[in-house]
Amino acid sequence: MAKPDGGLTVMILGDSLSTGYGLPADASWVNLLKQRMQALSPRYQVVNISISGETTLGGRNRIEQALKTHHPDIVIIGLGGNDGLRGASIKSIHDNLEAIIQTCQQYHATPILAGMQLPPNYGIAYTQKFRNIYTDLAERYQLKLIPFLLAGFGDKREYFLADGIHPDIPAQKIITENVWDVLHTMLESGFSSAKGTIQTVPTYNN
Numbered sequence: 000m001a002k003p004d005g006g007l008t009v010m011i012l013g014d015s016l017s018t019g020y021g022l023p024a025d026a027s028w029v030n031l032l033k034q035r036m037q038a039l040s041p042r043y044q045v046v047n048i049s050i051s052g053e054t055t056l057g058g059r060n061r062i063e064q065a066l067k068t069h070h071p072d073i074v075i076i077g078l079g080g081n082d083g084l085r086g087a088s089i090k091s092i093h094d095n096l097e098a099i100i101q102t103c104q105q106y107h108a109t110p111i112l113a114g115m116q117l118p119p120n121y122g123i124a125y126t127q128k129f130r131n132i133y134t135d136l137a138e139r140y141q142l143k144l145i146p147f148l149l150a151g152f153g154d155k156r157e158y159f160l161a162d163g164i165h166p167d168i169p170a171q172k173i174i175t176e177n178v179w180d181v182l183h184t185m186l187e188s189g190f191s192s193a194k195g196t197i198q199t200v201p202t203y204n205n
């Protein structure tokens, strides 16, 4: 829950989708989210511990120390894409994400799970099982779920850099909205320090 002084820290545990890979530092969705949070209150902080190329196992190995260091109230977990692209077993991805969730809860940080999806060329069976990891874990642990981090543009080539993998600058604004759609409802319902101010947040449509 929010700290007694009204402060609140959101920590992002992700991969290159959350590092702003290939973009100016201030253009990433995490930085846009930070700007939006701090427009509400300078006591709101966003800590980004994302690493390009990160996997669920890497996140699992890092999460406890990060929780001890940063003491976040909320952790947005945006991992699994690299595992899926490498064809990792569904069980290993599931188990690693579950361990991350459990560790967050042990340290009294509230997880938000960011869903990932794979290109159709990975096969119907694997891609569906992969997608279900996120919905299943969110249901089991009663978590807020961002259904798909890249919703609204994931199938549109023009929103990606030349590599076809990493979102471009316009896409960062869409990701910010995808995250905010879930985060702001959580702040309203569960973090009392945000009530009354959250309603004043402007809507960014451009």
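Residues 0 to 205 (numbering that gives the first Met the number 0) make up the sequence shown, in order.
Ideal placement from N, C-alpha and C gives every residue a C-beta, glycine not left out.
Bear in mind that the values here come from a model prediction, so they are computed numbers and not experimental data.
Nearest candidate by alpha-carbon position, reference D72, set Y106, L149 and Y125: The count along the sequence shown starts at 1 and reaches residue 72 at position 73. Of the candidates Y106, L149 and Y125, the one whose C-alpha sits nearest the C-alpha of D72 is Y106.
Spatial neighbours of P110 in its chain, beta-carbon cut-off 6 Å, leaving aside the 5 residues before and after: Taking the first residue of the sequence shown as 1, we reach residue 110 at position 111. Correct list, in chain order: V74, I76, I100, C103 and L142.
Residue range of the unbroken alpha helix (DSSP H) whose run includes T55: Locating residue 55 in the sequence shown gives position 56, counting from the first residue. Counted as a single uninterrupted DSSP element, the alpha helix (DSSP H) harbouring T55 occupies residues T55 to H69.
Nearest-angstrom Cα separation, counted from G122 out to W179: Taking the sequence shown and counting its residues from 1, the one referred to as residue 179 is at position 180. Taking the sequence shown and counting its residues from 1, the one referred to as residue 122 is at position 123. Going from the Cα of W179 to the Cα of G122 covers about 31 Å.
Start-end ranges of the alpha helix (DSSP H) lying completely within the segment 96-150, minimum 4 residues: DSSP runs (the alpha helix (DSSP H)) wholly in the segment 96-150: 123-139.
Cα-Cα separation, S191 to G57: Walking along the sequence shown from the start, residue 191 turns up at place 192. Walking along the sequence shown from the start, residue 57 turns up at place 58. Here the model assigns S191 a pLDDT of 42, short of 50, so the residue's position is not dependable and the matter cannot be decided.
Beta-carbon gap between I89 and K128 smaller than 8 Å: Residue numbering aside, residue 89 sits at position 90 when the sequence shown is read from its first letter. Residue numbering aside, residue 128 sits at position 129 when the sequence shown is read from its first letter. A contact, by the Cβ cut-off of 8 Å.
Where the beta strand (DSSP E) through L12 begins and ends: For the purposes of this step, residue 12 is taken as the residue at position 13 of the sequence shown. If you look at L12, you'll find it in the beta strand (DSSP E) that goes L7 to G13.
Between the CA atoms of L78 and S17 - distance to the nearest angstrom: For the purposes of this step, residue 17 is taken as the residue at position 18 of the sequence shown. For the purposes of this step, residue 78 is taken as the residue at position 79 of the sequence shown. S17 and L78: Cα-Cα distance of roughly 9 Å.
Expected contact under 8 Å - CB spacing of F147 and Q116 to nearest Å: Mapped onto the sequence shown, residue 147 falls at position 148. Mapped onto the sequence shown, residue 116 falls at position 117. By a beta-carbon distance limit of 8 Å, F147 contacts Q116. Their separation comes to about 6 Å.
Paired residues, beta bridge with V29 - DSSP: Position 30 of the sequence shown holds residue 29. Bridge partners of V29: none, in fact.
Residue closest to K67, alpha-carbon to alpha-carbon, out of R85, A108 and V45: By 1-based counting over the sequence shown, the position of residue 67 is 68. Nearest of R85, A108 and V45 to K67, Cα basis: A108.
For G83, the first and last residue of its enclosing beta strand (DSSP E): As a position in the sequence shown, residue 83 is number 84, starting the count at 1. Here G83 belongs to no beta strand (DSSP E); instead the alpha helix (DSSP H) covers G80 to L84.
Backbone CA spacing between L182 and R156 [nearest angstrom]: Taking the first residue of the sequence shown as position 1, residue 182 is located at position 183. Taking the first residue of the sequence shown as position 1, residue 156 is located at position 157. Each residue's alpha carbon lies about 27 Å from the other.
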